[in-house]
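Visitor: Would you mind keeping the following structure in view while I ask a few things?
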Amino acid sequence: MNLRTIAEAIDAYKRGASQADAARLDFFEGLYKYQQARADELAVEMKTATLSADEAEEAYFGDEPMLVKAPADIKSEEFWETCAQIAQYFAKEAGLDDDMSAALEDFDWEAFVKKLDLEQAGTNPPQFVEDCFQNFDTLGVDSSLPSSIVMMVVTCALRAHIQSVAARLFGSVSKQALKGSRLKPVNCPVCGSPAALSHVAMATGIDGREREQYCNVCGTVWPFDRMRCGVCGVDNPARLHYFHVEGDESHRLQNCDECGRYQRVFFEESLEIPVSPEVEDVVMAKLDAIALDPRFRVE
Ligand SMILES: [Zn+2]
Ligand SMILES: [Zn+2]
Numbered sequence: 038m039n040l041r042t043i044a045e046a047i048d049a050y051k052r053g054a055s056q057a058d059a060a061r062l063d064f065f066e067g068l069y070k071y072q073q074a075r076a077d078e079l080a081v082e083m084k085t086a087t088l089s090a091d092e093a094e095e096a097y098f099g100d101e102p103m104l105v106k107a108p109a110d111i112k113s114e115e116f117w118e119t120c121a122q123i124a125q126y127f128a129k130e131a132g133l134d135d136d137m138s139a140a141l142e143d144f145d146w147e148a149f150v151k152k153l154d155l156e157q158a159g160t161n162p163p164q165f166v167e168d169c170f171q172n173f174d175t176l177g178v179d180s181s182l183p184s185s186i187v188m189m190v191v192t193c194a195l196r197a198h199i200q201s202v203a204a205r206l207f208g209s210v211s212k213q214a215l216k217g218s219r220l221k222p223v224n225c226p227v228c229g230s231p232a233a234l235s236h237v238a239m240a241t242g243i244d245g246r247e248r249e250q251y252c253n254v255c256g257t258v259w260p261f262d263r264m265r266c267g268v269c270g271v272d273n274p275a276r277l278h279y280f281h282v283e284g285d286e287s288h289r290l291q292n293c294d295e296c297g298r299y300q301r302v303f304f305e306e307s308l309e310i311p312v313s314p315e316v317e318d319v320v321m322a323k324l325d326a327i328a329l330d331p332r333f334r335v336e
């Protein structure tokens, strides 16, 4: 994560924001700072298999995410410590009610993490998260703590443990592969998660506007085809529609007739707001509510 851009983008969004929105942005800025500091700490001793340029390119365009070939080594004692620290931060700063904050602070992360399949977490993060949700009842969590909160802590911790590995793996993909004319990966080429959002840059010279997808699970940002659905990958522009809230051309929803899903897309219309996918992820959470509005549906 680029903490400087994050701070600048948050400052820009806080101007004129409601108190609640400003508090939310501050909360995430603190969380990102912690995640980055922890990721740096863990990266010092990290040992990961790396991929050759050929292997990286094959994985990049293939069906298997790169972590399957070169997993992140997530150590139990380090992971529960990360979870415990993030939980403390949530308990203090997330604005949860007192009972939930107390339950989070007292939670035994060591015992909980020992029940998790960390090998799967380092190989296939989206499946790991899904399996945790599916099997949540078997993980011995008191009913005062909902799975959504516990798993939010776990996924935030996961990012700290995999983002350095992800950056290294992604860095082994050649420039030609990234910039070439082959259709780009729809889901995260490193961890396999669906993109959290897309970003369309300002037009530059003859290349026009470039688009990137962002994975909030491992932090990878990868180039994407401009006129495609970022969820299913269909590349028929007639099947895609953009919506935005009146007065805000930057934050749009791309709706796809093919898969019936929508994606949040940040259009960089000016340089007033520095581009930070992490901050856009927070800001555009509001669009999810709009997407659920029946008036948004196109028939
Ligand atoms: Zn990813
Ligand atoms: Zn689609």
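With positions in the sequence shown counted from 1, the corresponding number in our numbering is that position plus 37.
The C-beta atom is built at its ideal place from N, Cα and C for all residues, glycine as well.
Being a predicted model, the structure only gives us computed values, none of them experimental.
At the level of alpha carbons, what is the spacing between LEU79 and TYR69?
Guide: Translated into the one-based positions of the sequence shown, residue 79 becomes position 42. Translated into the one-based positions of the sequence shown, residue 69 becomes position 32. Spanning the two alpha carbons is a distance of roughly 15 Å.
Visitor: Using the rule of at least 16 other Cβ atoms within 10 Å of the residue's Cβ for burial, across every protein chain shown, is PRO183 buried or exposed?
Guide: Numbered from 1 along the sequence shown, position 146 holds the residue referred to as residue 183. When all chains shown are included, PRO183 counts as exposed.
Visitor: Is the stretch 195-211 close to the stretch 261-270, with three or more CB pairs under 8 Å?
Guide: Flag = no, the stretch 195-211 and the stretch 261-270 do not touch.
Visitor: So which of ASP63, GLU82, GLN72 has the shortest CA-CA distance to ALA121?
Guide: The count along the sequence shown starts at 1 and reaches residue 121 at position 84. Nearest C-alpha to ALA121: GLN72.
Visitor: Can you tell me the Cα-Cα spacing of LEU62 and ALA124, whole angstroms?
Guide: Locating residue 62 in the sequence shown gives position 25, where the first residue counts as 1. Locating residue 124 in the sequence shown gives position 87, where the first residue counts as 1. Answer to the nearest angstrom: the Cα atoms are 18 Å apart.
Visitor: Where do the ends of the alpha helix (DSSP H) carrying CYS120 lie?
Guide: Residue mapping note: residue 120 aligns to position 83 of the sequence shown, counting from 1. Taken as a continuous stretch (DSSP letters only), the alpha helix (DSSP H) holding CYS120 covers 113-130.
Visitor: Return the Cβ separation of VAL254 and LEU195 in integer angstroms, given the expectation that the two are a contact with Cβ distance under 8 Å.
Guide: Position 217 of the sequence shown, counting from 1, holds the residue named residue 254. Position 158 of the sequence shown, counting from 1, holds the residue named residue 195. VAL254 to LEU195, Cβ: 7 Å. Contact.
Visitor: For GLU306, I'd like the list of residues in its chain whose CB is within less than 8 Å of its CB, leaving aside the five on either flank, ordered along the chain.
Guide: In the sequence shown, counting from the first residue as 1, residue 306 sits at position 269. If we look at GLU306 and ignore the five residues flanking it on each side, its Cβ neighbours are MET239, GLU286, SER287.
Visitor: Please name the residue in LEU155, PRO274, VAL227 whose C-alpha comes closest to that of GLN200.
Guide: By one-based count along the sequence shown, residue 200 stands at place 163. Measuring from the Cα of GLN200, the nearest candidate turns out to be VAL227.
Visitor: Taking the continuous beta strand (DSSP E) assigned at ARG301, which residues delimit it?
Guide: Along the sequence shown, one-based indexing puts residue 301 at 264. Residues 299-304.
Visitor: Residue range of the alpha helix (DSSP H) that LEU234 falls in?
Guide: Position 197 of the sequence shown, counting from 1, holds the residue named residue 234. Careful: LEU234 lies outside any alpha helix (DSSP H), inside the beta strand (DSSP E) at 234-237.
Visitor: Taking the beta carbon of GLU66 as the centre, do at least 16 other beta carbons fall within 10 Å, making it buried, or is it exposed?
Guide: On the sequence shown, residue 66 is found 29 positions in, with the first residue counted as 1. Looking at its Cβ environment, which holds 16 or more other Cβ atoms inside 10 Å, GLU66 is buried.
Visitor: Could you say which of LEU153, GLU118, PRO162 lies nearest to CYS252 if we only look at CA atoms?
Guide: Within the sequence shown, the letter at position 215 stands for residue 252. Ranking LEU153, GLU118, PRO162 by Cα distance to CYS252 puts PRO162 first.
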